[in-house]
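S.K.: Numbering-wise (the numbering used here), the sequence shown opens with residue -14 and increments by one.
Below is a structure I'd like to ask you about.
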Amino acid sequence: LLSPRVEEFARQTATAVRLGDLYRWGQGDAHVRMQFARFLHREIAIRNAQLCKELRVLPFGLAGTTGVSEVIRGFSAYVDCMAECPVPETSKDDEPFMRLLGEILEDRVQVVAALGRGVTEMRDAMGEERYEGIRAEVDHILDRFFIKRIGLRFLLQHYIEAARHEPGASGIIHSDVAVGRILRREAQEAMRICRETYGASPDVIVIGDGQHPGDGGFSTSVHGNPDLSYDRQFTYVPVHLEFSCAVLLQSACFAVAQRHVRQRRAEAVAAPQIDGGACASASPPGPAAARSIQHEEMPPVQAIFAYGEEEVAIRISDEGGGIPSSQQHLVWSYFVSGPRGSGAFAEDGAEGWRRSSFFELSAEGAGLPLARLHARYYGGDLMLKSVEGFGTDVHMFLNRLGHNCERLPQGVRI
């Protein structure tokens, strides 16, 4: 059972905040900052309590799983911490209040991983066939939970970062986000992780900012690298864009590498044995074999972006073999068992589109649905089109910020 304190906060209504207001608060003076702090003192407790309540009433036995119970205990503790913390009144209270928010943001509970364990426990108890009948409803429940959690973490991190007073930024909202720079940085990291996982990685081509290889960028396409920013600024939350780009680029690289490693393995299986010895494919190809695939055959991943008048669009394309139409709905489902489990994704690069992992937010099997939620949180979207036997295109559309309210569901109804 939830404590009376948590129940009381859960009955209150969370306040949706305009991003324009948050931008002004983040750049405000000491008086404005204290107003922001007093708002958060109540708001953070309400939102944590509502998350507790939503988890406690989850259907299908999910509320009683070990993983979900662990998250409820953690969020209940956060409510107690906020309730017992004095309301910030002066600038002297700012530092201890900010430390408390930092402890909540740190998330020692590891929410995504814990919920993943809860879903796995429930799925194992009811069996795969029965779970498939409720999968869509479970995904909807998790979407609602995580989008509220994104809002909660936004407020926490925004207040903490606003103390730095960086030029061109208000907390975690930046007025001139360089999409090309983010794509290149996350592409390098995706390639590194892919090499560690498969022994090789496809190159990543970034197109849209007019940068040439001599400027420190990656190679460009045969059509060059046009400047598609049109001298426009893009106000956004870079930490959220970094998360989504990392998940998508890792997924694309993994899909390409996995497809071509499997192709090399199949070629080795088909190769004739020599002197009665074991075929070279008796074990998966090692890093050397994978590197030879990269140099000879592995097609690059392309990341193209453009600054439109109303939105910024990013397209990430790979030739990882695509995803069968019967499996595409699983791309947006949480905590799908991969080939090491149920074998849900077993064709070409399809598994790669479920194995990307980034930051605390992205436990295995949650990265792609969370990336889509981050885009939708600001009124944008993330869409995937796949050609089975060839590859996958992902389009991410991002609204310019400052005019939309948070996509915050209404408070829990008791």
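Don't be surprised by glycine CBs; every beta carbon is placed ideally from N, CA and C.
(1) Am I right that V189 and L234 are in contact with their C-beta atoms under 8 Å? What's the rounded C-beta distance?
(2) Going by C-alpha to C-alpha distance, which of I308, Y116, F290, D124 sits closest to R357?
(3) Between G184 and L213, which are expected to be in contact by the criterion C-beta below 8 Å, what is the C-beta distance as a whole number of angstroms?
(4) I'd like the list of long-range same chain contacts for E373, defined as Cβ closer than 6 Å, with 5 residues on each side in sequence excluded.
(5) How far does the beta strand (DSSP E) with T377 in it extend, from its first residue to its last?
(6) DSSP three-state call for S302: helix, strand or coil?
(7) Whose C-beta lies closer than 6 Å to the C-beta of F82 among residues of the same chain, with five residues either side of it excluded?
(8) On the DSSP bridge list, what partners appear for F290?
(9) Straight-line CA distance for I289 to F131?
(10) If I'm right that I158 touches V224 with Cβ under 8 Å, what's the distance once you round it to whole angstroms?
(11) Could you name the residues of the same chain whose beta carbon sits closer than 6 Å to that of I301, not counting the 5 residues immediately before and after it, in chain order?
(12) Where does Y221 fall in DSSP's three states?
(13) Please classify H314 as buried or exposed, where buried requires at least 16 other C-beta atoms within 10 Å of its C-beta.
(14) Within 10 Å of its beta-carbon, does E171 have 16 or more other beta-carbons around it, so buried, or fewer, so exposed?
(15) Let me check understanding here. Comparing Cα to Cα, which of G350, A351, K77, G195 lies closest to Y292?
(16) If you run the structure through DSSP and keep just helix, strand and coil, what is V162?
(17) Under 9 Å, do D79 and A148 count as touching if we go by C-beta distance?
(18) Is the segment 138 to 157 touching the segment 40 to 55 in the sense that three or more CB pairs, one from each, lie closer than 8 Å?
(19) With 16 as the cutoff for other CB atoms within 10 Å, does G376 come out buried or exposed?
(20) L36 lies in the alpha helix (DSSP H); which residues open and close that run?
(21) Can you tell me which residues form a DSSP beta bridge with S155?
(22) DSSP has L367 in a bridge; who is on the other side?
(23) Taking 9 Å as the threshold (C-beta atoms), are A298 and V168 in contact?
(24) Spell out the partners DSSP gives V372 in its beta bridges.
(25) With DSSP collapsed to three states, give me the class of I308.
(26) For C230, tell me which candidate among Q142, H359, I145, R(-4) has the shortest Cα-Cα distance.
(27) For C66 and V(-9), which I take to be in contact (beta-carbon distance under 8 Å), what is that distance rounded to the nearest angstrom?
(28) For N33, tell me which candidate among A62, T220, G11 has the shortest Cα-Cα distance.
(29) Output the boundary residues of the beta strand (DSSP E) element that contains V189.
(30) In chain order, what residues of the same chain have a beta carbon less than 6 Å from the beta carbon of H388, not counting five sequence neighbours either side?
(31) Smallest Cα separation from R93: which of V56, D128, Y144?
(32) May I ask which residues mark the beginning and end of the alpha helix (DSSP H) holding Q142?
(33) On the three-state DSSP scale, how would you describe D212?
M.R.: Quick look at the numbers:
(1) About 6 Å; that satisfies the 8 Å criterion.
(2) Of I308, Y116, F290, D124, the residue nearest in Cα terms is D124.
(3) Rounded, the Cβ-Cβ distance is 34 Å, inconsistent with contact.
(4) The answer, listed in chain order, is G307, P309.
(5) Note, T377: beta strand (DSSP E), 376 to 384.
(6) In the three-state reduction of the DSSP assignment, S302 falls in the strand class.
(7) A22, P73, listed in sequence order.
(8) Under DSSP, F290 shares a beta bridge with I299.
(9) Here the alpha carbon of I289 sits roughly 28 Å from the alpha carbon of F131.
(10) That belief does not hold up - the Cβ atoms of I158 and V224 are roughly 10 Å apart, past 8 Å.
(11) Within the same chain, L233, A237, A288, V379 come within 6 Å of I301 by CB-CB distance, once the 5 residues on both sides are set aside.
(12) Y221 falls in the strand class under three-state DSSP.
(13) Exposed is the call here.
(14) When all chains shown are included, E171 counts as buried.
(15) For Y292, the closest of G350, A351, K77, G195 by C-alpha to C-alpha distance is G195.
(16) Under the three-state reduction of DSSP output, V162 falls in the coil class, being neither helix nor strand.
(17) Less than 9 Å divides the Cβ of D79 from the Cβ of A148.
(18) Result no; under three Cβ-Cβ pairs closer than 8 Å.
(19) Under the 10 Å beta carbon count, G376 is surrounded by 16 or more other beta carbons and is classified as buried.
(20) Per DSSP, the continuous alpha helix (DSSP H) segment holding L36 begins and ends at 15 to 41.
(21) For S155, which the question treats as bridged, DSSP gives the partners I158.
(22) Looking at the DSSP assignment, L367 forms a beta bridge with M381.
(23) A small correction: the amino acid at residue 168 is Leu; Val does not occupy that position in the sequence shown. Cβ distance not < 9 Å, so L168 and A298 don't count as in contact.
(24) V372 pairs with G376.
(25) In the three-state reduction of the DSSP assignment, I308 falls in the coil class.
(26) Relative to the Cα of C230, the nearest Cα in the group Q142, H359, I145, R(-4) belongs to H359.
(27) So it is not a contact: roughly 12 Å between Cβ atoms.
(28) Residue A62 is the option with its Cα nearest to N33.
(29) Note, V189: beta strand (DSSP E), 189 to 192.
(30) Bear in mind that a pLDDT of 39 at H388, under 50, signals an unreliable position, so the model cannot answer this.
(31) For R93, the closest of V56, D128, Y144 by C-alpha to C-alpha distance is V56.
(32) Boundaries of the alpha helix (DSSP H) harbouring Q142: 113 to 147, taken from the DSSP string.
(33) It is a strand residue.
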